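Here's the structure we're looking at; comments come further down.
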Amino acid sequence: MVIYELKKYISHPGKSDALRERFMKVTLPIFKRLGMQVLVVVQFHDKASTLSYVLAFRDEDERTASWLAFGNDPEWQKAKSESETNGPLLAEQTSERIDWLLTQNT
Numbered sequence: 004m005v006i007y008e009l010k011k012y013i014s015h016p017g018k019s020d021a022l023r024e025r026f027m028k029v030t031l032p033i034f035k036r037l038g039m040q041v042l043v044v045v046q047f048h049d050k051a052s053t054l055s056y057v058l059a060f061r062d063e064d065e066r067t068a069s070w071l072a073f074g075n076d077p078e079w080q081k082a083k084s085e086s087e088t089n090g091p092l093l094a095e096q097t098s099e100r101i102d103w104l105l106t107q108n109t
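This is the structure we're talking about:
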């Protein structure tokens, strides 16, 4: 059974551009290298401080191993440290399991 995980990142005031840039230029390539499947990345027009994305995992073991590998990844640790020299980018983050009801190809 596939596990879908909705992640939401809320940036500190004035840090949404830096968060989005780090995510797009650093985080996504690391996810790809680690085999983490990102289905969608969105930012709402009226909530520029919020970045959301959905990942798919084969099972709980893959999910756990993927997040462990990401957290321990030297490239990620370096990029996170360098991007937060003036304080953390994230004010809050959430993670929720979701049920995928419909995919429509357009």
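Just so you know, our numbering puts the end of the sequence shown at 109, numbered straight through with nothing missing. For each residue, glycine too, the CB sits at the ideal point set by N, CA and C. Just so it is clear, the structure is predicted and the values come from calculations on it, not from any experiment.
Asked, Found
"Roughly how many whole angstroms lie between the Cα atoms of V5 and T88?", "37 Å"
"Taking the alpha helix (DSSP H) that A21 falls in, what are its first and last residues?", "19-25"
"Give the DSSP-derived three-state secondary structure of Q40 in the structure shown.", "strand"
"What residues are listed by DSSP as bridge partners for R100?", "E8"
"In terms of residue numbering, what span does the alpha helix (DSSP H) encompassing S69 cover?", "63-75"
"Could you check which residue in G17, A68, D62 has the C-alpha nearest to that of F34?", "A68"
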